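For the sequence shown, our numbering assigns the number 61 to the initial residue and increments by one for each residue that follows.
Idealized CB from N, CA, C, for every residue including glycine.
Bear in mind the structure is a predicted one, so any value in this text is a computation, not a measurement.
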Amino acid sequence: MNSVETFPLHVSARAVLEGQLMAKYIHAQKLGFEMPGSASGSGSSSSPSSSRVLVTGGASKNQKILQMIADVFNCNVFTLKDTPNSASLGGAYRARDSIRGVDHSPSSSGDEPGEGSSYTHAASPNSQLHTQVYLPLMQKYSTLEQRIANE
């Protein structure tokens with residue numbers, strides 16, 4: 061097995077972020093979420109146009125991170141418009157969604173990203189990058205994770 065002693069800092073930082081995002085994708089998939097662009101996803105319901113990620117907090121201000129999220133998850137990414145303390149609001153959304161159960165459909169209160177909402181479309185996925193780069197890496201990541209869990 062080949063190993064690398066060090067990477068340049070910018071490569072290491074990106075690798076950490078990508079690794080965390082791929083882990084979230086894999087774990088969400090294992091929990092039964094239908095992930096866009098995955099082998100287990102079902103066509104149109106998992107296409108980038110019908111899936112989304114809402115990013116809050118500090119990451120929502122960084123366009124490169126938003127694009128990375130869109131590419132790894134193969135879906136559109138939205139942020140909140142002019143919302144201070146958006147990380148707290150993101151936590152509140154998660155609490156609301158968990159009270160609702162596994163159905164993550166938007167409520168009738170108008171919280172669906174779209175025209176006239178408080179959300180801003182921040183990034184669109186590069187589906188080719190997702191398919192050619194991230195899916196193979198996630199397969200390797202998942203295999204390594206399983207190997208470690210079995211030790």
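- With three or more CB-CB distances shorter than 8 Å, the region 183-198 counts as touching the region 130-140.
- Counting along the chain, A183 sits inside the beta strand (DSSP E) bounded by residues Y179 to A183.
- Here L77 carries a helix assignment [DSSP, helix/strand/coil].
- For Y85, the CB contacts under 7 Å within the same chain, skipping 5 residues up- and downstream, are M95, V132, F133 and M198 in chain order.
- If you ignore the 5 residues before and after S120, its C-beta comes within less than 8 Å of the C-beta of L126, T139, L140, S146 and A182, all in its own chain and listed in chain order.
- In this structure, V193 is the residue among T203, V193 and I208 with its C-alpha nearest to the C-alpha of E78.
- In the DSSP assignment, L91 falls outside any beta strand (DSSP E), carrying neither H nor E.
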